[in-house]
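Take a look at the structure below.
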Amino acid sequence: MQLAKVVGNVVSTQKDKNLVGCKLLIIKKIDEYGEFEKYSSSSTAVAVDSVGAGIGETVIVTQGSNARYVYGDKMAPLDMTIVGIVDEIQIV
14 MQLAKVVGNV
24 VSTQKDKNLV
34 GCKLLIIKKI
44 DEYGEFEKYS
54 SSSTAVAVDS
64 VGAGIGETVI
74 VTQGSNARYV
84 YGDKMAPLDM
94 TIVGIVDEIQ
104 IV
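Numbering (our numbering), first residue to last: 14 to 105.
See the structure below:
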């Protein structure tokens, strides 16, 4: 799992049938201090929202085959899913 910030949303009227009804959000990966990752080709991505996140929120995302299991369909074309909204990050 990784930390990310929601920076936008995606509207798609034509999509795979497994994505109908799914909320798509644009996320940028962040480090533990809330700073955006730099120099990463995968720092910005589209993720399916499973928790009701909104723009500006810090979220937890999961990638790969784990992202599909959130929706209970391992055939769904998902590569990234938002699985949590972060209330606070504490670094000791």
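Glycine residues also receive a C-beta, built at the ideal position from the N, C-alpha and C atoms.
From which residue to which residue does the beta strand (DSSP E) around Ala80 run?
Element bounds for Ala80: not the beta strand (DSSP E) but the alpha helix (DSSP H), 78-82.
Please state whether DSSP places Lys36 in a helix, a strand or coil.
strand
Lys30 (DSSP reduced to helix, strand or coil)
helix
Does Val96 pass the burial test, meaning 16 or more other C-beta atoms within 10 Å, or should it be called exposed?
buried
Taking buried to mean at least 16 other C-beta atoms within 10 Å of its own C-beta, is Ile43 buried or exposed?
buried
Name, in chain order, the residues that DSSP records as bridge partners for Gly47.
Answer is none; Gly47 lacks a bridge partner.
Please report the distance separating the alpha-carbon of Cys35 from that of Gln76.
16 angstroms
Nearest CA to the CA of Asn31: which residue from Lys51, Asp92, Gln103, Asp100?
Asp92
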